[in-house]
Amino acid sequence: MTGDRPDHPIAVTRSSLPLLEEYVEMLKPLWESAWLTNMGEYHKQFAGLLKEYLHTPNLELFVNGHMALELTLQAMNLSGEVITTPFSFASTTHAIVRNGLTPVFCDINPVDYTLDADRLESLITPRTTAIVPVHVYGHICNVEKIGEIAGRYGLKVIYDAAHTFGETYDGRGIGQFGDASMFSFHATKVFHSIEGGAVAFRDEALAPVLYELKNFGITGYERVDSVGANGKMNEFQAAMGILNLRRVDAEIGKRKALAKRYRERLSGVEGIRLSPENPRVRYNYAYMPVVFEGYRKDRDQVFRELAEHDIHARKYFYPCINDYDCYKGRFDAAATPVAQRISQQVLTLPLYADLEPEIVDLICDLILR
Ligand SMILES: *Cc1c(COP(=O)(O)O)cnc(C)c1O
11 MTGDRPDHPI AVTRSSLPLL EEYVEMLKPL WESAWLTNMG EYHKQFAGLL KEYLHTPNLE
71 LFVNGHMALE LTLQAMNLSG EVITTPFSFA STTHAIVRNG LTPVFCDINP VDYTLDADRL
131 ESLITPRTTA IVPVHVYGHI CNVEKIGEIA GRYGLKVIYD AAHTFGETYD GRGIGQFGDA
191 SMFSFHATKV FHSIEGGAVA FRDEALAPVL YELKNFGITG YERVDSVGAN GKMNEFQAAM
251 GILNLRRVDA EIGKRKALAK RYRERLSGVE GIRLSPENPR VRYNYAYMPV VFEGYRKDRD
311 QVFRELAEHD IHARKYFYPC INDYDCYKGR FDAAATPVAQ RISQQVLTLP LYADLEPEIV
371 DLICDLILR
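Residue numbers for the sequence shown follow our numbering, beginning at 11 and rising by one.
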């Protein structure tokens with residue numbers, strides 16, 4: 011760092027990598043067997059390790075998180091309307107729409123930005139078949155209330171848990187809530203397998219359905235039973251996942267220390283809002299969202315000032331999904347005013363295991379000065 015500039019551009023995240031030598035070592039058996047994909051040895055190993063790490067008995071691997079979610083919705087044979095949140099990544103709603111289902115947007119709560127469970131019931135119609143909530147930034151949804159309402163109306167609950175890899179709630183793996191939870195192992199996430207994803211699910215009868223859907227519906231050498239897609243994770247991804255899983259706890263520890271440093275500097279500042287941490291959650295510190303509400307600089311000004319110093323925070327999530335051009339005319343974003351407001355006020359600051367603490371200090375200095 012020289013003066014008030016980092017030596018190199020700082021992005022909001024940076025993919026974590028094992029030693030190259032370790033990865034190359036993992037690849038040697040692949041060169042020997044020439045088995046590169048289609049549920050090979052690493053695929054099997056990785057799935058087993060993940061079941062243990064995520065405390066979930068049922069899990070299926072996918073080529074990425076999006077396919078995991080899209081095919082899980084398909085596996086559940088849903089119809090009609092699905093209640094979800096507009097405050098998420100494109101994938102969540104796209105997975106619903108690409109299944110021919112109608113998304114119904116529920117507003118978020120202004121404290122942790124997850125789906126506002128108090129508004130959920132009023133959106134349920136005779137056509138509603140499922141709820142797809144998102145554990146935003148690592149904050150866990152009101153799983154009790156969502157579960158209670160879903161139970162009463164006979165609705166499926168599929169969590170987008172892309173942000174909550176490895177988190178626990180009251181000591182339970184986060185993948186144990188609802189009927190299914192999707193995890194993303196994209197390169198930019200806390201834990202990654204280059205691209206990759208998984209679904210943890212409650213009903214073990216879903217296992218063969220998901221397997222078929224990710225493998226063209228093929229069930230035997232000369233037999234195709236359903237119209238499946240291709241969502242298979244390959245061996246290079248699984249090998250990367252196995253190596254990264256060994257390091258993820260240490261990485262989360264580093265993230266935790268950096269998040270604490272941000273919080274020490276930014277909490278209690280008039281006009282800057284940080285979400286409270288829930289003591290029942292073991293966090294993974296995936297993101298560092300900050301909401302500027304009545305601060306002397308607005309979100310866009312902070313974004314620009316940081317960018318001028320080669321620090322690239324992200325307006326994540328902005329715009330809201332119900333404001334996307336591809337959904338123009340279909341939804342009314344004004345119907346979810348809290349999501350709309352937060353999306354205009356929130357900035358996610360750089361946070362990754364190897365981020366230098368001095369950069370965190372610099373970012374705070376720039377915001378506060
Ligand atoms: C990353 C992400 C996804 C999609 O995951 P991919 O593995 O990139 O397909 C879905 N939802 C949310 C909230 C995400 O952050």
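All C-beta atoms in this analysis are idealised placements derived from N, C-alpha and C, irrespective of residue type, glycine included.
Please read all numbers here as calculations on a predicted model, not as lab measurements.
Looking only at its chain, what residues have a beta carbon closer than 7 Å to the beta carbon of Thr103, apart from the 5 residues adjacent to it on each side?
Same-chain partners within the cutoff: Thr94, Pro113 and Ile331.
Is Phe97 close to ligand 1? I mean its beta-carbon at under 6 Å from any heavy atom of the ligand.
Checking every heavy atom of ligand 1 against the Cβ of Phe97, none is found closer than 6 Å.
Assuming Ala21 contacts His322 under a Cβ cut-off of 8 Å, what Cβ separation, rounded to an integer in Å, is found between them?
Right, their Cβ atoms sit about 5 Å apart.
In the DSSP assignment, find the unbroken beta strand (DSSP E) run with Phe211 in it and report its ends.
Gly207 to Phe211
CA-to-CA distance, Cys116 to Thr346, given in whole angstroms
7 Å
Once you ignore the five residues that flank Val406 on each side, which residues in its own chain have a CB closer than 7 Å to its CB?
Lying before the first or after the last residue shown, residue 406 is absent from the chain, which here runs from 11 to 379.
Curious, which full-length alpha helix (DSSP H) runs of at least 4 residues does the stretch 99-148 contain?
100-107 and 127-130
Pick out whichever of Lys266, Ala269 and Leu357 has its Cα sitting closest to the Cα of Asp310.
Leu357
Sorry if obvious, but does the Cβ on Ala171 come closer than 6 Å to a heavy atom of ligand 1?
no
DSSP state of Glu154 mapped onto helix, strand, coil
helix
Pick helix, strand or coil for Lys166, following the three-state DSSP scheme.
Residue state for Lys166 is assigned as strand, using DSSP reduced to three classes.
Using 7 Å as the threshold, is the C-beta distance between Asn294 and Val200 below it?
yes
Can you check which of these residues, Glu158, Gly90 and Ser98, is closest to Pro136 by C-alpha distance?
Gly90
Please check the pair Glu70 and Tyr169, which I expect to be a contact at CB under 8 Å, by giving their CB distance rounded to whole angstroms.
So it is not a contact: roughly 15 Å between Cβ atoms.
Helix, strand or coil for Met250 per DSSP?
Of the three classes helix, strand and coil, the one that applies to Met250 here is helix, per DSSP.
Per DSSP, what kind of secondary structure is Arg340 in: helix, strand or coil?
coil
Burial state of Met11, where buried means 16 or more other Cβ atoms lie within 10 Å
exposed
Reference Leu130; option with closest CA among Ile156, Tyr147, Val144 and Gly110
Ile156
When you compare each of Gln84, Phe195 and Phe97 to Gln350 by their alpha carbons, which one comes out closest?
Phe97
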